[in-house]
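>
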Amino acid sequence: MEATIEVSGLRKKFGPTLALDGMSFTVQPGQVTGFVGPNGAGKSTTMRVILGLDAADDGTALVGGQPYPSLRHPLSHVGALLDAAALQPSRSARNHLLWLAHSQGLTARRVDAVIEQAGLQTVARRKAGGYSLGMRQRLGIAAAMLGDPPVLMMDEPFNGMDPEGIVWMRGFLRSLAGQGRAVLVSSHLMSELQDTADHLVVVGRGRAIADTSVRELLAAASRDRITVRTSARSEAMTVLAHAGATVAATDRDTLTVSGLPPERVVALLGESAVTFSEMTPHRASLEEAYMELTRDEVEFRAQPAAEPVEEATS
Amino acid sequence: MTTQATMPHPPAPQSGRDGFAQLVRAEWTKLRTVRGWVIGLVVTALVMAGLGLLTAVGGSSSCQSSGGGPARSGRACGPTLTVGPGGEPVTDSFYFVRQPLTGNGSLTVRVTSLTGRIPPANGNPPLNPNVSPDTRPGLVSWAKSGLILKESTRPGSAYAAIMVTADHGVRLQGNYTSDTAGQPGAVSAASPRWLRLTRSGDMITGYDSVDGTHWTQVGTVQLAGLSPTVQAGLFTASPAYQSISSNFGGGTSGSILPSQATAVFDHVSRSGRWPARTWSGDYIDAAGGSGVGGYHQAGGRFSVTGSGDIAPVIAGSDAGGPILTLSNLLVGTFAGLIGVLVIAAMFITAEYRRGLIRTTLAANPRRGRVLAAKALVIGSVTFVVGLIAATAAVTLGAQIARHKAYVFPATWTTELRMVVGTAALLAVAAVLALALGAVLRRSVAAVTIVVVAIVLPYILSVASVLPVGVLDWLLRITPAAAFAIQQAAPQYPQVTALYSPGTGYFPLAPWAGFAVLCAWAALASGLAVVLIRRRDA
Chain A
1 MEATIEVSGL RKKFGPTLAL DGMSFTVQPG QVTGFVGPNG AGKSTTMRVI LGLDAADDGT
61 ALVGGQPYPS LRHPLSHVGA LLDAAALQPS RSARNHLLWL AHSQGLTARR VDAVIEQAGL
121 QTVARRKAGG YSLGMRQRLG IAAAMLGDPP VLMMDEPFNG MDPEGIVWMR GFLRSLAGQG
181 RAVLVSSHLM SELQDTADHL VVVGRGRAIA DTSVRELLAA ASRDRITVRT SARSEAMTVL
241 AHAGATVAAT DRDTLTVSGL PPERVVALLG ESAVTFSEMT PHRASLEEAY MELTRDEVEF
301 RAQPAAEPVE EATS
Chain B
1 MTTQATMPHP PAPQSGRDGF AQLVRAEWTK LRTVRGWVIG LVVTALVMAG LGLLTAVGGS
61 SSCQSSGGGP ARSGRACGPT LTVGPGGEPV TDSFYFVRQP LTGNGSLTVR VTSLTGRIPP
121 ANGNPPLNPN VSPDTRPGLV SWAKSGLILK ESTRPGSAYA AIMVTADHGV RLQGNYTSDT
181 AGQPGAVSAA SPRWLRLTRS GDMITGYDSV DGTHWTQVGT VQLAGLSPTV QAGLFTASPA
241 YQSISSNFGG GTSGSILPSQ ATAVFDHVSR SGRWPARTWS GDYIDAAGGS GVGGYHQAGG
301 RFSVTGSGDI APVIAGSDAG GPILTLSNLL VGTFAGLIGV LVIAAMFITA EYRRGLIRTT
361 LAANPRRGRV LAAKALVIGS VTFVVGLIAA TAAVTLGAQI ARHKAYVFPA TWTTELRMVV
421 GTAALLAVAA VLALALGAVL RRSVAAVTIV VVAIVLPYIL SVASVLPVGV LDWLLRITPA
481 AAFAIQQAAP QYPQVTALYS PGTGYFPLAP WAGFAVLCAW AALASGLAVV LIRRRDA
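Read top to bottom, the protein sequences are chains A and B. As numbered in the working numbering, residues 1 to 314 make up the first sequence, in order. As numbered in the working numbering, residues 1 to 537 make up the second sequence, in order.
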């Protein structure tokens with residue numbers, strides 16, 4: 001089976017709310033694909049549709065080229081962590097994994113293997129109701145790994161994890177991708193995916209607004225931008241804006257300039273005798289790139305005054 | 001990058017079987033790994049059996065308190081009931097005008113009149129219906145008079161009889177429980193009935209005729225091991241007059257008072273050896289009836305007056321002491337049912353509450369089969385729980401109760417039907433609860449509805465808090481109809497009695513009542529399958 005997820009033109013309405021509006025993207029094997037977007041953008045709904053839990057009004061979702069509901073022993077094809085809290089609280093973690101294993105024709109030996117993999121050996125026989133959210137996430141990971149599937153799908157796996165758990169999770173996801181599996185990880189916080197995701201599907205209002213590799217996205221967000229450090233901030237802004245550049249003050253003595261090549265900026269500032277102490281090509285953070293992409297897609301967002309960047313255009 | 005090469009394990013090979021057994025095993029693992037459910041099922045079985053055993057012990061203690069004499073062993077403390085040849089308790093009380101008959105022979109007679117007196121419609125019971133001016137002319141429906149051939153005058157001995165009745169025409173009855181219809185219609189001087197009873201070895205044959213010339217065989221009664229010499233002659237019996245009314249808002253009240261009947265016979269003729277030549281009159285088991293009776297002979301004309309009945313005793317009727325049926329020992333079923341319904345509903349609603357249903361359905365996308373596996377598991381487990389509890393209640397309970405009270409006898413097939421049927425009642429009710437849980441996705445709503453639908457009608461009917469007619473219909477159309485599976489004693493059309501759920505009688509036949517529950521469970525399951533397939537999880 002090809003380790004891929006192909007989502008094409010998904011549409012879904014919950015009553016009057018349009019949850020998915022033409023959602024399309026592909027998840028490739030051997031890399032971690034970040035599935036990011038603000039809350040309510042349709043990430044969880046998409047995952048439920050992929051797993052055949054929710055029926056889409058239109059469009060297709062294929063796992064390894066097949067619709068999920070047609071899979072026999074689906075946990076051997078796709079492992080999913082949707083909601084770490086979805087547990088019978090009085091059942092132990094091991095027994096939770098045991099019934100899941102039995103439903104797939106797997107043995108208790110496989111259960112013990114994934115318990116070890118998720119680092120739950122010492123607590124596996126305790127009632128799951130007493131687990132912290134971080135432990136539940138690990139249990140969810142163990143459940144997803146039961147069938148040793150080539151495709152993994154996790155909805156907000158970092159939620160509730162302590163820093164140590166987050167480090168572990170990042171390493172774990174990287175190693176899964178390294179084994180050639182396709183890994184789709186959703187998050188509403190871009191920072192969680194920094195250094196983890198190779199590829200990003202950015203969603204907003206029920207559709208993918210970007211489907212790109214992390215490297216390309218960062219390059220696009222950084223393109224043509226220059227960071228200028230100067231003590232004469234307002235003079236520099238006036239000169240550069242007058243010349244047609246887009247200038248943003250990012251700090252007391254720092255400007256981000258775009259729309260002009262670096263040589264021209266150096267020349268303009270020199271002509272006007274504006275001194276500067278440093279001029280470097282701008283490196284956008286993933287967060288910044290994401291914010292730019294989703295600016296128009298965030299449905300309920302804070303007042304613009306809260307934005308850290310103030311922009312001035314001529 | 002070559003995906004296949006770096007994959008640590010290829011996907012598991014698809015098994016040739018359809019995997020339903022795996023699904024059942026998974027659901028069984030789910031059920032047994034929630035300790036609360038396991039404990040709940042054990043407690044359910046204990047309560048169910050325990051209530052039955054309490055009933056058995058309670059029946060005994062009430063006997064001891066009424067005793068007072070020295071302790072007696074065996075069934076001595078229970079009411080001393082007359083027992084028929086089939087082992088069942090019987091009433092054998094009537095006026096008998098008899099002669100011994102040796103060997104084969106026959107007796108023929110014409111009946112020209114059947115009249116009687118019954119208690120006043122509304123009023124205080126008369127002290128003695130024979131002398132009280134309060135009685136009025138009338139017959140109870142099953143007043144009976146005719147020819148009887150009986151092993152001996154001992155109450156409970158084997159017999160065959162052909163008779164006219166007040167409302168049910170000519171009947172051939174034998175050994176208390178059998179009843180065959182002959183000519184319909186009431187008897188009068190203008191429309192007399194001729195009756196004939198013939199003995200040939202063990203076989204007694206009954207005939208009737210309207211003119212004494214053209215005879216019709218009504219049927220035969222076999223009395224195995226009948227003595228060479230038997231008692232044969234004329235008899236009259238008249239069962240108690242019952243006026244039962246259900247009160248508004250609950251309960252039934254009524255009176256059961258003696259009645260009497262008088263029949264006039266002529267054209268008495270005999271064949272065979274009748275060594276005594278003269279007739280003698282006896283009241284058989286006078287204590288069992290009103291004791292009113294006698295006969296008058298003038299030439300070839302006999303007038304025989306009697307009271308009482310020759311019939312099986314109905315469970316729950318007043319027999320002068322504690323009588324238990326096996327139904328009483330299964331009284332804990334309603335409590336067991338509540339436990340089972342709660343657990344069965346939660347078996348699926350708990351998954352909805354926690355969102356666990358998504359894990360289940362993602363692991364097994366064929367949703368109808370998930371429901372089927374759940375139903376199979378909860379049905380089987382509750383069947384076993386019910387079987388253990390019902391077996392304990394019936395066998396242990398009967399052992400305990402038999403020492404002190406009279407336990408209504410039941411054949412082993414009846415006992416088996418009650419025990420297995422009770423287990424099946426729990427199992428099918430559990431499937432109904434599960435299906436409703438899947439439809440409603442809410443524990444409280446599902447449990448409330450199934451308890452109201454199954455347990456409440458039963459409790460209402462046993463407690464008799466609604467008019468009998470309403471209860472009858474509740475026990476026909478609601479899932480509670482399945483309690484009919486616990487009817488221990490048969491209902492006899494030839495005996496007028498208050499056949500109520502409180503005394504262990506149900507409006508539907510045992511398996512018919514059970515079928516009503518099955519129909520409800522099938523309906524709910526069908527709806528559940530349609531909805532679980534159609535709805536987003």
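Glycine is no exception: its CB is placed at the ideal position from the N, C-alpha and C atoms. Here the structure is a predicted model, which means the values were calculated and not measured.
1) Counting only runs of 4+ residues fully inside the segment 130–170 of chain A, write out the alpha helix (DSSP H) ranges in chain order.
2) Looking at the unbroken alpha helix (DSSP H) that takes in B:Leu498, where does it start and where does it end?
3) A:Leu81: which of A:Asp155, A:Met161, A:Gly40, A:Leu146 sits nearest, CA to CA?
4) Out of B:Lys404, B:Ile148, B:Leu324, point me to the one whose CA is closest to B:Ile162's CA.
5) Which first and last residues belong to the beta strand (DSSP E) in which B:Pro89 is found?
6) CA-CA distance, A:Ser272 and A:Arg223?
7) Using DSSP with H/G/I as helix, E/B as strand and the rest coil, what is A:Ser175?
8) Under 7 Å, CB to CB, which of the residues in the segment 97–113 of chain A have a partner in chain B?
9) Please classify B:Pro70: does DSSP put it in a helix, a strand, or coil?
10) So, with DSSP's three-state summary, where would you put B:Glu151?
11) Just the Cα atoms here: how many angstroms apart are B:Thr503 and B:Val462?
12) Here's a check: name, in chain order, each residue in its chain whose Cβ is nearer than 7 Å to the Cβ of A:Leu293, leaving out the five neighbours to either side.
13) By how many angstroms is the C-alpha of B:Gln231 removed from the C-alpha of B:Thr153?
14) DSSP three-state call for B:Phe408: helix, strand or coil?
15) Would you mind stating whether B:Lys374 and B:Glu27 have Cβ atoms separated by less than 7 Å?
16) Tell me which residues share the same chain as A:His191 and place their Cβ nearer than 8 Å to its Cβ, disregarding the 5 neighbours each side in the sequence.
17) A:Ala84 and A:Leu10 look like a contact to me (Cβ under 8 Å); what is the Cβ gap, rounded to whole Å?
18) Here's a check: name, in chain order, each residue in its chain whose Cβ is nearer than 6 Å to the Cβ of A:Glu278, leaving out the five neighbours to either side.
19) By the 10 Å Cβ neighbour count, where 16 or more other Cβ atoms means buried, how is A:Leu189 classified, buried or exposed?
20) From this set, A:Gly204, A:Gly160, A:Ile141, A:Glu164, which residue's C-alpha is nearest A:Leu173's C-alpha?
21) When you compare only the Cα positions, how much space is there between A:Phe25 and B:Gly355?
22) Confirm the yes/no value for this check: CB of A:Leu62, any heavy atom of the ligand MG, distance under 6 Å.
23) Under a CB-based cut-off of 7 Å, is B:Thr359 close to chain A?
24) At a cut of 8 Å, does the segment 193–201 of chain B reach the segment 101–113 of chain B through at least three beta carbon pairs?
25) Going by the beta-carbon positions, is the gap between B:Val385 and B:Ala49 smaller than 7 Å?
26) Is there a C-beta anywhere in chain B that falls below 7 Å from the one on A:Ser90?
27) Name the chain B residues whose beta carbon is nearer than 9 Å to that of A:Gly52?
28) In its own chain, which residues sit with a C-beta less than 8 Å from the C-beta of A:Arg322, not counting the 5 before and 5 after it?
29) Quick check: is the beta carbon of A:Pro67 nearer than 7 Å to any beta carbon in chain B?
30) Where does B:Gln242 fall in DSSP's three states?
31) Flag this pair as yes or no: are the beta carbons of B:Val34 and A:Gln88 separated by less than 7 Å?
32) I think B:Gln183 touches B:Gly169, with their Cβ atoms under 8 Å apart; what is that distance to the nearest whole Å?
33) Rounded to the nearest angstrom, how far is the Cβ of B:Thr112 from that of B:Asp266, given a contact under 8 Å?
34) Since A:Lys13 sits in a beta bridge, which residues does DSSP pair it with?
35) For a cutoff of 7 Å on Cβ pairs, would you count B:Thr349 as touching chain A?
36) Among residues of its own chain, excluding the 5 on either side of B:Arg358, which ones have a beta-carbon nearer than 7 Å to its beta-carbon?
Based on what the coordinates show:
1) Listed in chain order, they are 133–145.
2) That residue, B:Leu498, is in no alpha helix (DSSP H); it is neither H nor E in DSSP.
3) The shortest C-alpha separation from A:Leu81 is found at A:Asp155.
4) Out of B:Lys404, B:Ile148, B:Leu324, B:Ile148 has the C-alpha closest to the C-alpha of B:Ile162.
5) From DSSP, the beta strand (DSSP E) with B:Pro89 extends over 89–92.
6) For A:Ser272 and A:Arg223, the distance between alpha carbons rounds to 25 Å.
7) Helix, per DSSP.
8) Shown in chain order are the members of the segment 97–113 of chain A whose Cβ falls below 7 Å from a Cβ of chain B: Leu98, Trp99, Leu100, His102, Ser103, Gln104, Gly105.
9) Here B:Pro70 scores only 37 on pLDDT, less than 50, and its place in the model is too uncertain to base an answer on.
10) Residue state, collapsed to three classes: coil.
11) B:Thr503 and B:Val462: Cα-Cα distance of roughly 8 Å.
12) When the five nearest sequence neighbours on each side are left out, the beta carbons in the same chain lying within less than 7 Å of the beta carbon of A:Leu293 are those of Val202, Ile209, Ala210, in order along the chain.
13) Distance from the CA atom of B:Thr153 to the CA atom of B:Gln231, rounded to whole angstroms, is 7 Å.
14) Here B:Phe408 sits in coil by DSSP.
15) Cβ distance < 7 Å, so B:Lys374 and B:Glu27 count as in contact.
16) This sequence places Ser at residue 191 of chain A; His is not what is there. Around A:Ser191: Leu286, Glu287.
17) Rounded to the nearest angstrom, the Cβ distance from A:Ala84 to A:Leu10 is 24 Å, too far for a contact under 8 Å.
18) Around A:Glu278, the same chain offers Arg229 as residues with beta carbons nearer than 6 Å, after the five sequence neighbours per side are excluded.
19) Counting Cβ neighbours within 10 Å, A:Leu189 comes out exposed, since fewer than 16 surround it.
20) With respect to the C-alpha of A:Leu173, the residue from A:Gly204, A:Gly160, A:Ile141, A:Glu164 having the closest C-alpha is A:Ile141.
21) If I take the Cα positions, the gap works out to 27 Å.
22) For the structure depicted, the ligand MG is absent and the ligand set is empty, with no information on it obtainable.
23) Chain A has a Cβ within less than 7 Å of the Cβ of B:Thr359.
24) Touching, yes.
25) Going by beta carbons, B:Val385 and B:Ala49 fall outside the 7 Å limit.
26) Output row for A:Ser90: interface = yes.
27) From the beta-carbon of A:Gly52, the residues of chain B found nearer than 9 Å are Leu361, Ala362, Pro365, Ala537.
28) Here chain A has residues from 1 to 314 only, and residue 322 of chain A is not among them.
29) No, because no Cβ of chain B sits closer than 7 Å to the Cβ of A:Pro67.
30) Note: B:Gln242 maps to strand in three-state DSSP.
31) Between B:Val34 and A:Gln88, the CB-CB gap stays under 7 Å.
32) At roughly 6 Å, the Cβ-Cβ gap stays under 8 Å, so B:Gln183 and B:Gly169 are in contact.
33) The Cβ separation is near 7 Å, so the contact holds.
34) The partner list for A:Lys13 (beta bridge, DSSP) reads A:Leu18.
35) Proximity of B:Thr349 to chain A, defined by a Cβ-Cβ separation below 7 Å, is not satisfied.
36) Ala537.
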